[in-house]
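Residue numbers (full-length UniProt numbering): 7 to 331.
Using N, Cα and C, we set each Cβ at its ideal position, and we do this for glycine too.
As the structure is a computational prediction, the values presented were derived from the model and not from experiment.
Reading through the structure tokens given below for one structure.
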Amino acid sequence: RQPLLQVKNLKKYYPIRKGIISRTVGYVKAVDDVSFDIYPGETMGLVGESGCGKSTTGRSLVRLEDPTEGQVLFQGKNLANISQREMRKLRTDLQIIFQDPYSSLNPRKRIGDLLAEPLLAHKLATKKDADQKVNEILEIVGLPKQYKNRYPHQFSGGQRQRIGIARALMLRPKLIICDEPVSALDVSIQAQVLNLLKDLQKELNLTYVFIAHGLGAVKYISDRITVMYLGKVMELATTKEIFEHPKHPYTEILLNAYPIPNPHQRDREQIVVEGDVPSPANPPKGCVFHTRCPFAKDVCREKVPQLTGKDHLVACHFPLETVNV
Ligand code: SF4
Ligand code: MG
7 RQPLLQVKNL KKYYPIRKGI ISRTVGYVKA VDDVSFDIYP GETMGLVGES
57 GCGKSTTGRS LVRLEDPTEG QVLFQGKNLA NISQREMRKL RTDLQIIFQD
107 PYSSLNPRKR IGDLLAEPLL AHKLATKKDA DQKVNEILEI VGLPKQYKNR
157 YPHQFSGGQR QRIGIARALM LRPKLIICDE PVSALDVSIQ AQVLNLLKDL
207 QKELNLTYVF IAHGLGAVKY ISDRITVMYL GKVMELATTK EIFEHPKHPY
257 TEILLNAYPI PNPHQRDREQ IVVEGDVPSP ANPPKGCVFH TRCPFAKDVC
307 REKVPQLTGK DHLVACHFPL ETVNV
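Below, the structure written as structure tokens:
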């Protein structure tokens with residue numbers, strides 16, 4: 007099976023500038039050597055606390071950010087060096103949904119026009135066809151077609167997210183980056199939007215990257231999960247493996263922070279995390295998690311643990327199973 011998307015040693019560094027001549031005094035390493043593959047039809051969850059680089063990673067996958075180093079390949083093509091024409095085509099294949107769809111919807115435009123916009127901009131439909139397509143898409147996301155005459159402020163949070171999803175679907179994408187699409191919604195509404203995303207995935211054969219700070223929604227929707235911390239991948243495995251056999255101390259802590267009933271975990275000792283996430287402008291040496299890890303030893307402060315494993319990858323000198331026995 008060929009991956010749809012390959013991320014290879016992706017780095018995104020932002021220069022920190024000081025003084026009147028804007029001298030670069032350092033870099034914020036938002037994404038620091040991240041690699042993973044995404045297969046057609048799967049959902050990859052991308053999890054970590056805010057500032058861990060998951061949004062920057064997501065934006066890099068749809069070329070809203072250009073990598074400082076490394077590559078993003080979509081269907082084998084490096085996004086950084088494809089022609090303008092190919093990029094226009096790719097723009098339709100790659101879409102992103104944001105946490106707050108309201109901020110990306112022009113408040114003075116009717117929903118129907120907002121939805122038709124990308125089709126008309128890419129010259130993919132006549133005005134009449136676009137209108138027909140809007141009706142179809144509204145139905146697909148569970149909104150009555152008369153709603154196209156309304157303005158964004160006339161919708162609830164959940165409805166707006168349905169409109170955000172509808173907008174992403176207008177161009178028939180292959181991959182959708184969902185950047186915390188339910189984090190701002192009530193729990194009851196969250197389930198509806200997650201179910202909608204799942205149904206759409208099946209019907210339209212979509213591939214998702216689902217970004218979240220907690221593991222709750224991610225568990226429900228993801229086939230595999232990538233756990234990030236300070237711009238790096240700590241662990242990557244199937245959702246089942248992450249929940250039943252987490253190997254990285256940070257993953258274990260995330261599991262404890264968002265408790266989900268798990269019979270296998272009942273007698274495991276609670277690991278708690280102390281302190282805040284260090285600044286990505288000045289990440290700890292060695293393992294970036296060592297300042298907060300209850301198992302840190304001398305080697306952790308000196309040597310960067312490499313991400314290793316075949317299907318269950320972990321970057322830790324003392325993966326959990328070794329610690330527990
Ligand atoms: Fe903790 Fe060391 Fe593993 Fe880092 S490498 S997570 S500090 S045990
Ligand atoms: Mg974010």
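| Check | Outcome |
| --- | --- |
| Comparing alpha-carbon positions, which option in K139, P113 and K129 lies nearest Q160? | P113 |
| Cβ of C58 versus every heavy atom of the ligand SF4: is any distance shorter than 7 Å? | no |
| Report, in whole angstroms, the separation of the C-beta atoms of G51 and M234, which I expect to be a contact under 8 Å. | That belief does not hold up - the Cβ atoms of G51 and M234 are roughly 11 Å apart, past 8 Å. |
| Return the CA-CA distance between F80 and P179, expressed in angstroms with no decimal places. | 12 Å |
| Could you tell me whether the Cβ atoms of A243 and Q105 are closer together than 8 Å? | no |
| Use the C-beta contact count for A36: other C-beta atoms within 10 angstroms, 16 or more gives buried, fewer gives exposed. | buried |
| Quick one: what's got a C-beta closer than 6 Å to Q312's C-beta in the same chain, skipping five residues either side? | none |
| For R272, which residues in the same chain have their Cβ closer than 7 Å to its Cβ, ignoring the five residues on either side in sequence? | For R272, the predicted model reports a pLDDT of 41, less than 50, meaning its position is unreliable and no value from the coordinates is stated. |
| I'd like to confirm something about H318: is its beta-carbon nearer than 7 Å to some heavy atom of the ligand SF4, or not? | no |
| Beta-carbon separation of K238 and V40 under 8 Å? | yes |
| Please determine, among G148, V13 and I22, the residue with the shortest C-alpha to C-alpha distance to G32. | I22 |
| Under 7 Å: does the beta carbon of P289 sit that close to some heavy atom of the ligand SF4? | no |
| I'd like to confirm the pairing. Which residues does DSSP put opposite K83 in its beta bridges? | F80 |
| Going by the DSSP bridge assignment, what does V51 pair with across the sheet? | For the record, residue 51 in the displayed sequence is Gly; it is not Val. Beta-bridge pairing links G51 to F216 and I231. |
| For I27, count the other beta carbons within 10 Å of its own beta carbon; 16 or more makes it buried, fewer makes it exposed. Which is it? | exposed |
| Buried or exposed: which applies to S228, given that a residue is buried once 16 or more other Cβ atoms fall within 10 Å of its Cβ? | buried |
| Just to confirm, are K24 and T62 a CB contact at a threshold of 8 Å? | no |
| For the stretch 115–135 against the stretch 197–215, do three or more pairs of beta-carbon atoms, one drawn from each stretch, fall closer than 8 Å, so that the two count as touching? | no |
| Using a C-beta cutoff of 8 Å, does P300 count as contacting chain B? | Going by chain labels, chain B is absent from the structure shown, which holds only one protein chain. |
| With DSSP collapsed to three states, give me the class of P158. | helix |
| Look up V188 in the DSSP assignment and say whether it is helix, strand or coil. | coil |
| Using only the alpha-carbon positions, how far apart do D205 and G47 sit? | 12 Å |
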